[in-house]
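Take the sequence shown: its letter number 467 is residue 466 in numbering that gives the first Met the number 0, and every next letter is one higher.
For each residue, glycine too, the CB sits at the ideal point set by N, CA and C.
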Amino acid sequence: MKFTFSILFACILLVSCSKDFLDRQPEDTLSPGSFYRNPAEIKSGLVGCYKVLQSIYNQTDMPLIIELMSDDGKDRFRTGSWQTFKKTNADSQSGIWTNNFKMVANCNTIIGIIDTYTAKNAEEEKTVKAYRAEASFLRALAYFNLVRIYGAVPLVPETFTNLSSAFGIGRAPVNEVYAKLIIPDLEYAAANCFKKADLKGEEARASKGAALTMLGKVYLTLNNPTKAAETLKKLIVDNEAGAYSLLPNYKDVFASNSKFHAESVFEVNFNIAAGQPSYWFRWVNNDVGLIWGVAGASNLLVEHNLMREFVSTGETVRYKTAIDSGYIASSTIPIQAWVIKHSPAPAQLKPFNNTGTDNNYIITRYADALLMYAEALMVLGKKDEALVYVNQVRTRAKVPAITAAQLNIDAILHERRMELAYEGHRYFDLVRTGKAIDVLTKVLLTKVDYDTNIAISAPIPEEQLILPIPVGEIEKDQTLPQNPGY
Numbered sequence: 000m001k002f003t004f005s006i007l008f009a010c011i012l013l014v015s016c017s018k019d020f021l022d023r024q025p026e027d028t029l030s031p032g033s034f035y036r037n038p039a040e041i042k043s044g045l046v047g048c049y050k051v052l053q054s055i056y057n058q059t060d061m062p063l064i065i066e067l068m069s070d071d072g073k074d075r076f077r078t079g080s081w082q083t084f085k086k087t088n089a090d091s092q093s094g095i096w097t098n099n100f101k102m103v104a105n106c107n108t109i110i111g112i113i114d115t116y117t118a119k120n121a122e123e124e125k126t127v128k129a130y131r132a133e134a135s136f137l138r139a140l141a142y143f144n145l146v147r148i149y150g151a152v153p154l155v156p157e158t159f160t161n162l163s164s165a166f167g168i169g170r171a172p173v174n175e176v177y178a179k180l181i182i183p184d185l186e187y188a189a190a191n192c193f194k195k196a197d198l199k200g201e202e203a204r205a206s207k208g209a210a211l212t213m214l215g216k217v218y219l220t221l222n223n224p225t226k227a228a229e230t231l232k233k234l235i236v237d238n239e240a241g242a243y244s245l246l247p248n249y250k251d252v253f254a255s256n257s258k259f260h261a262e263s264v265f266e267v268n269f270n271i272a273a274g275q276p277s278y279w280f281r282w283v284n285n286d287v288g289l290i291w292g293v294a295g296a297s298n299l300l301v302e303h304n305l306m307r308e309f310v311s312t313g314e315t316v317r318y319k320t321a322i323d324s325g326y327i328a329s330s331t332i333p334i335q336a337w338v339i340k341h342s343p344a345p346a347q348l349k350p351f352n353n354t355g356t357d358n359n360y361i362i363t364r365y366a367d368a369l370l371m372y373a374e375a376l377m378v379l380g381k382k383d384e385a386l387v388y389v390n391q392v393r394t395r396a397k398v399p400a401i402t403a404a405q406l407n408i409d410a411i412l413h414e415r416r417m418e419l420a421y422e423g424h425r426y427f428d429l430v431r432t433g434k435a436i437d438v439l440t441k442v443l444l445t446k447v448d449y450d451t452n453i454a455i456s457a458p459i460p461e462e463q464l465i466l467p468i469p470v471g472e473i474e475k476d477q478t479l480p481q482n483p484g485y
């Protein structure tokens, strides 16, 4: 039987480090008994921590679920339990739980190893501290995912030396997980990770910029705009993590031949040559493409209200109108809007389907940081300063600048939706700003374009905003009570 907490106790072997970081396929579990004699061997263990990211950010797992629960994505008939917020305890999505805790376990292992390692000189100490900082970042990211999706979860800050102690620890309150692990880990990462510019050829590693950006997001989630602004200022104004900038051309952000560019903050690395192809380009489909039997995704379709928002607000850069991303050419088929980041040129589709691409999954990028900083400043009453950063993003998208009179939380959320659609932010943005129930209820009660039915008959219940704890985990450990409503 597969025990989540067994993962936190005993793990398998790892592989040697390669020159191209994360381009090999290491095991995604680490052995606490493995012998690490030098920084190179510690680094090989760190690769195993990163490897789990490809499981967490799998297009059929966590990214899919949070898009289906947002107002950006839908299932074919708008009837699924994720879409309609009619989840039962069978809808726990245990892969999210297991994979994030697997990354926690691997990070605990490598952090424990590093904490007992004696560096031979100052340079080696700096390097090993950076590895610990990266593991701290990944552990914080995993817990940030877990608390936003499940609420209170077991707090496991170290490797278990006795399997029996893995059970009976219960669920730590969300605020305790933030205070005792997520924030300290990200602060350590921000202080000790290398700058992106110092990671030439290894940009898939967590950098100081990634740590600052994620810490800013954590503070916004905790409704602490002062700390969010203070943190993001270090990234954006003080350039403490080096220089980041928006790419001039929005479409270039998502080009398969353009990875780890000036706008990139943290990405999950995929690589065809290493046997790790990406198929994110075919993740999203639309009704017209599906109705006409076009090959492509069928588990995530564009929500028509999102496409209407692109059109009604004068967007011309961040979306396109297409039948099905180019497979069919016929004037008799209705045209439907499509997100530009999931629209490769028609000539590329056939070879892409055969080989996959090198497209990474972008967890966060500089545009996200700019809009978070603007939001924090706006909440603090610094609208004129906030406008600078909102309008940087709008200018790149070739939409008119907004004024201080137009700037409010709805304007920020609109801009984040237009800029970051299908990048895993929308649902969490609605929940953290208290908008989720009202916005999602309205969407589900309204037919738009090719929507086939009204999905619900009453406001979505608040308890449905988080997932149930996997039943298998509760059966193994009775100190894990189920979430209310399940």
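In this structure, Ile-41 lies near Ile-109, with their beta-carbon atoms less than 8 Å apart. Around the Cβ of Leu-444, a 10 Å sphere holds fewer than 16 other Cβ atoms; the residue is exposed. With fewer than 16 neighbouring CB atoms inside 10 Å of its own CB, Asp-437 falls in the exposed class. Under the DSSP assignment, Tyr-372 falls in the alpha helix (DSSP H) whose first and last residues are 365–378. The residue from Phe-166, Ala-121, Ala-141 with its alpha-carbon nearest to that of Thr-478 is Phe-166. Distances from the alpha-carbon of Asp-476 to those of Leu-145, Gly-169, Asn-88, Phe-100 put Gly-169 closest.
Burial check for Val-392: the Cβ neighbour count within 10 Å reaches 16 or more, so the residue is buried.
Distance from the CA of Asn-98 to the CA of Gly-44, rounded to the nearest whole angstrom, comes to 17 Å. In this structure, Asp-286 is the residue among Glu-314, Glu-374, Thr-354, Asp-286 with its C-alpha nearest to the C-alpha of Val-301. With a threshold of 16 other beta carbon atoms within 10 Å, Asp-428 meets it and is buried. Just so you know, the alpha carbons of Cys-48 and Leu-185 end up roughly 16 Å apart. In the DSSP annotation of this structure, the continuous segment of the beta strand (DSSP E) that includes Val-267 starts and ends at 263–267. Between the alpha carbons of Tyr-485 and Ser-91 lies a gap of roughly 10 Å. A direct Cα-Cα distance of roughly 22 Å separates Asp-448 from Ala-457. Counting along the chain, the unbroken alpha helix (DSSP H) around Cys-106 starts and ends at 93–114.
Residue pairing by DSSP leaves Asn-256 without any beta bridge partner.
Less than 8 Å divides the Cβ of Asp-251 from the Cβ of Ser-257. About 7 Å separates the CB atoms of Phe-309 and Met-417; that is less than 8 Å, so the two are in contact. Ala-190 sits in a helix when the DSSP states are folded into three classes.
In terms of Cα proximity to Lys-382, the closest of Leu-370, Leu-406, Ile-362, Ala-368 is Leu-406.
The three-state reading of DSSP puts Gly-423 in coil, since its state is none of H, G, I, E or B. Listed in chain order, the non-local C-beta contacts of Asn-304 below 8 Å within the same chain comprise Asp-70, Val-442, Thr-445, Val-447, local neighbours out to five positions each way being set aside. In this structure Tyr-249 does not touch Val-217 by the C-beta definition: roughly 27 Å separates them, more than the 8 Å allowed. Per DSSP, His-341 lies in no alpha helix (DSSP H) segment and is marked neither H nor E. In the same chain as Tyr-187, and ignoring 5 residues on each side of it, the C-beta atoms closer than 8 Å to its own belong to Arg-131, Ala-132, Ser-135, in chain order. Residues Arg-204, Ser-206 of the same chain have their beta carbon placed closer than 7 Å to that of Leu-198, with the five preceding and five following residues left out of the count. By DSSP's assignment, Ala-171 forms a beta bridge with Val-152. The beta carbons of Ser-255 and Arg-364 sit about 16 Å from each other, so the pair does not count as a contact at 8 Å. Put simply, the region 61–77 does not touch the region 111–128. Fewer than three CB pairs are less than 8 Å apart. Inter-residue distance for Arg-307 and Ile-112 is about 52 Å (C-alpha atoms, whole angstroms). In the three-state scheme derived from DSSP, where H, G and I count as helix and E and B as strand, Asn-284 is classed as strand. CA-CA distance, Asn-223 to Leu-214, rounds to 11 Å.
The C-alpha of Lys-397 is placed about 35 Å away from the C-alpha of Leu-137.
Contact between the region 343–360 and the region 78–86 is absent: fewer than 3 CB-CB pairs across the two stretches fall below 8 Å.
Rounded to the nearest whole angstrom, the C-alpha separation of Ile-148 and Asn-298 is 20 Å.
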